[in-house]
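According to my numbering, the sequence shown holds residues 317 to 480 in order. Structure first, then comments.
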Amino acid sequence: MTSKKTNPDQTSEADYTAEEMLEPIAELGNDLVSKRKQTRNQAVRYVLWGLISVVVNFLTFYVMNGVLHVEYQVANATAWVLSVQVAFWVDRLLVFNHHSPHPFREMGKFYATRIMTYLIETLVLWLGISLVGLPAVATKLLGQACALIGNFFLSKLFVFRSKV
(Lines of atoms letter the chains of each structure in order from A; the text may use other names.)
(Lines give C-alpha, C1' and ligand atoms only; values in the text may rest on other atoms or scores of the structure.)
Protein backbone atom coordinates (compact mmCIF):
# COMPACT_ATOMS: atom_id res chain seq x y z
CA MET A 317 0.00 0.00 0.00
CA THR A 318 1.44 3.38 -0.95
CA SER A 319 0.64 6.58 0.80
CA LYS A 320 -1.11 9.42 -0.99
CA LYS A 321 -0.11 12.82 0.30
CA THR A 322 -1.82 15.53 -1.68
CA ASN A 323 -1.15 18.35 0.79
CA PRO A 324 1.99 17.92 2.93
CA ASP A 325 0.55 20.16 5.65
CA GLN A 326 -2.51 17.94 6.09
CA THR A 327 -1.33 14.40 6.77
CA SER A 328 -2.98 11.86 9.00
CA GLU A 329 -1.88 8.51 10.34
CA ALA A 330 -3.71 6.84 7.47
CA ASP A 331 -1.36 8.58 5.02
CA TYR A 332 1.69 6.68 6.35
CA THR A 333 2.62 3.11 5.57
CA ALA A 334 3.20 0.66 8.40
CA GLU A 335 6.91 0.70 7.58
CA GLU A 336 7.07 4.48 7.93
CA MET A 337 5.25 4.36 11.25
CA LEU A 338 7.52 1.62 12.65
CA GLU A 339 10.75 3.30 11.53
CA PRO A 340 11.29 5.24 14.83
CA ILE A 341 10.80 2.01 16.80
CA ALA A 342 13.35 0.21 14.62
CA GLU A 343 15.83 3.06 15.11
CA LEU A 344 15.30 2.88 18.89
CA GLY A 345 15.97 -0.87 18.79
CA ASN A 346 19.14 -0.32 16.78
CA ASP A 347 20.27 2.33 19.29
CA LEU A 348 19.69 -0.04 22.21
CA VAL A 349 21.64 -2.84 20.50
CA SER A 350 24.45 -0.41 19.69
CA LYS A 351 24.60 0.88 23.28
CA ARG A 352 24.61 -2.67 24.66
CA LYS A 353 27.46 -3.62 22.29
CA GLN A 354 29.38 -0.47 23.25
CA THR A 355 28.92 -1.26 26.97
CA ARG A 356 30.11 -4.83 26.43
CA ASN A 357 33.20 -3.63 24.55
CA GLN A 358 33.92 -1.08 27.27
CA ALA A 359 33.56 -3.75 29.95
CA VAL A 360 36.06 -5.98 28.15
CA ARG A 361 38.52 -3.09 27.79
CA TYR A 362 37.88 -2.13 31.43
CA VAL A 363 38.84 -5.59 32.65
CA LEU A 364 41.86 -5.93 30.37
CA TRP A 365 43.32 -2.44 30.86
CA GLY A 366 42.14 -2.34 34.45
CA LEU A 367 44.60 -5.07 35.28
CA ILE A 368 47.27 -2.37 35.30
CA SER A 369 45.68 -0.55 38.23
CA VAL A 370 44.92 -3.84 39.98
CA VAL A 371 48.60 -4.83 39.72
CA VAL A 372 49.63 -1.41 41.08
CA ASN A 373 47.12 -1.81 43.93
CA PHE A 374 48.12 -5.37 44.87
CA LEU A 375 51.84 -4.80 44.49
CA THR A 376 51.75 -1.66 46.65
CA PHE A 377 49.58 -3.41 49.26
CA TYR A 378 51.78 -6.51 49.32
CA VAL A 379 55.06 -4.61 49.59
CA MET A 380 53.77 -2.27 52.29
CA ASN A 381 51.88 -4.86 54.34
CA GLY A 382 53.73 -8.11 53.63
CA VAL A 383 57.30 -6.89 53.25
CA LEU A 384 57.49 -3.61 55.19
CA HIS A 385 54.86 -4.71 57.78
CA VAL A 386 52.87 -1.48 57.51
CA GLU A 387 49.41 -1.77 59.12
CA TYR A 388 46.94 -3.16 56.53
CA GLN A 389 44.60 -0.12 56.46
CA VAL A 390 47.53 2.27 55.83
CA ALA A 391 48.89 -0.05 53.16
CA ASN A 392 45.45 -0.27 51.59
CA ALA A 393 44.97 3.53 51.57
CA THR A 394 48.35 4.08 49.91
CA ALA A 395 47.69 1.35 47.37
CA TRP A 396 44.30 2.90 46.65
CA VAL A 397 45.65 6.40 45.94
CA LEU A 398 48.30 5.11 43.54
CA SER A 399 45.98 2.74 41.71
CA VAL A 400 43.17 5.30 41.37
CA GLN A 401 45.49 7.77 39.69
CA VAL A 402 46.62 5.08 37.24
CA ALA A 403 43.03 3.94 36.71
CA PHE A 404 41.77 7.44 35.93
CA TRP A 405 44.09 7.93 32.99
CA VAL A 406 43.69 4.36 31.71
CA ASP A 407 39.88 4.54 31.92
CA ARG A 408 39.67 8.02 30.45
CA LEU A 409 41.90 7.38 27.46
CA LEU A 410 41.78 3.65 26.76
CA VAL A 411 38.50 2.28 28.14
CA PHE A 412 35.92 5.00 27.56
CA ASN A 413 37.94 6.93 24.93
CA HIS A 414 36.79 10.15 26.58
CA HIS A 415 38.45 13.40 25.51
CA SER A 416 36.66 16.31 27.15
CA PRO A 417 38.38 19.63 27.83
CA HIS A 418 37.87 19.21 31.60
CA PRO A 419 40.07 16.33 32.79
CA PHE A 420 40.48 17.72 36.32
CA ARG A 421 36.71 18.05 36.78
CA GLU A 422 36.40 14.43 35.65
CA MET A 423 39.21 13.48 38.00
CA GLY A 424 37.23 14.98 40.89
CA LYS A 425 34.17 12.91 39.95
CA PHE A 426 36.36 9.86 39.47
CA TYR A 427 37.88 10.18 42.93
CA ALA A 428 34.43 10.77 44.47
CA THR A 429 33.07 7.54 42.97
CA ARG A 430 36.23 5.67 43.91
CA ILE A 431 35.91 6.86 47.51
CA MET A 432 32.53 5.12 47.66
CA THR A 433 33.99 1.83 46.43
CA TYR A 434 37.07 2.30 48.62
CA LEU A 435 34.79 2.44 51.66
CA ILE A 436 33.14 -0.78 50.54
CA GLU A 437 36.54 -2.42 50.08
CA THR A 438 37.68 -1.14 53.49
CA LEU A 439 34.58 -2.66 55.08
CA VAL A 440 35.27 -5.99 53.35
CA LEU A 441 38.89 -5.91 54.60
CA TRP A 442 37.82 -5.10 58.14
CA LEU A 443 35.16 -7.81 58.17
CA GLY A 444 37.42 -10.42 56.55
CA ILE A 445 40.68 -9.72 58.37
CA SER A 446 39.69 -8.28 61.75
CA LEU A 447 36.44 -10.10 62.44
CA VAL A 448 36.66 -13.38 60.53
CA GLY A 449 40.44 -13.81 60.50
CA LEU A 450 40.86 -14.47 56.77
CA PRO A 451 44.28 -13.98 55.15
CA ALA A 452 44.90 -10.37 54.11
CA VAL A 453 45.66 -11.07 50.44
CA ALA A 454 42.59 -13.30 49.96
CA THR A 455 40.38 -10.71 51.62
CA LYS A 456 41.95 -8.00 49.48
CA LEU A 457 41.02 -10.02 46.38
CA LEU A 458 37.39 -10.21 47.50
CA GLY A 459 37.33 -6.47 48.25
CA GLN A 460 38.85 -5.68 44.85
CA ALA A 461 36.18 -7.76 43.10
CA CYS A 462 33.43 -5.74 44.80
CA ALA A 463 35.19 -2.48 43.95
CA LEU A 464 35.80 -3.50 40.33
CA ILE A 465 32.13 -4.02 39.59
CA GLY A 466 31.08 -0.80 41.29
CA ASN A 467 33.86 1.22 39.67
CA PHE A 468 32.91 0.22 36.12
CA PHE A 469 29.28 1.23 36.45
CA LEU A 470 30.01 4.44 38.38
CA SER A 471 32.63 5.48 35.81
CA LYS A 472 30.34 4.73 32.89
CA LEU A 473 27.26 6.38 34.36
CA PHE A 474 28.72 9.40 36.17
CA VAL A 475 32.28 10.20 35.14
CA PHE A 476 32.85 9.36 31.47
CA ARG A 477 29.33 9.42 30.12
CA SER A 478 28.79 10.81 26.67
CA LYS A 479 26.78 13.97 26.33
CA VAL A 480 24.04 12.88 23.93
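Even glycine gets a Cβ: it sits at the ideal position worked out from N, Cα and C.
Using 10 angstroms around the beta-carbon of residue 408, count the other beta-carbons present and answer buried if the total reaches 16, otherwise exposed.
With a threshold of 16 other beta carbon atoms within 10 Å, residue 408 meets it and is buried.
For residue 419, which of helix, strand or coil comes out of DSSP?
If DSSP states are grouped into helix, strand and coil, residue 419 belongs with the helices.
Counting only runs that start and end within the stretch 349-434, where is the alpha helix (DSSP H) found for 4 or more residues in a row?
Within the stretch 349-434, the complete alpha helix (DSSP H) runs of at least 4 residues are 388-406.
Leaving out the 5 sequence neighbours to the left and right, which residues in its chain are closer than 6 Å to residue 433 when beta-carbon positions are compared?
Contacts found: 463, 466 and 467.
Which same chain residues end up closer than 6 Å to residue 400 when comparing Cβ atoms and leaving out the 5 residues on each side of it in sequence?
Non-local beta-carbon contacts of residue 400 in its own chain, meaning distances under 6 Å to residues more than five positions away in sequence, involve 430 in chain order.
Which of the three DSSP states is assigned to residue 476 in this structure?
Reduced to three states, the DSSP call for residue 476 is coil.
Okay, do the stretch 380-396 and the stretch 350-368 touch, 3+ Cβ pairs below 8 Å being the bar?
With a cut-off of 8 Å on Cβ pairs, the stretch 380-396 is not in contact with the stretch 350-368, counting fewer than three such pairs.
Alpha carbon of residue 420 to alpha carbon of residue 397, nearest angstrom
Rounded to the nearest angstrom, the two C-alpha atoms are 16 Å apart.
Is it right to say residue 424 is buried, meaning 16 or more other beta carbons lie within 10 angstroms of its own, or is it exposed?
So residue 424 counts as exposed.
Decide if residue 459 is buried, meaning its Cβ has at least 16 other Cβ atoms within 10 Å, or exposed.
That one is buried.
Nearest-angstrom Cα distance between residue 436 and residue 417?
For residue 436 and residue 417, the distance between alpha carbons rounds to 31 Å.
N-terminal and C-terminal residue of the alpha helix (DSSP H) that residue 453 is part of
Start and end: 452-470.
Are residue 438 and residue 392 touching if we call contact CB-CB under 8 Å?
Against a cut-off of 8 Å, the Cβ pair of residue 392 and residue 438 comes out as a contact.
Reducing DSSP to helix, strand and coil, say where residue 444 ends up.
Here residue 444 sits in helix by DSSP.
Nearest-angstrom Cα separation, counted from residue 378 out to residue 447:
The straight-line gap from Cα to Cα measures roughly 20 Å.
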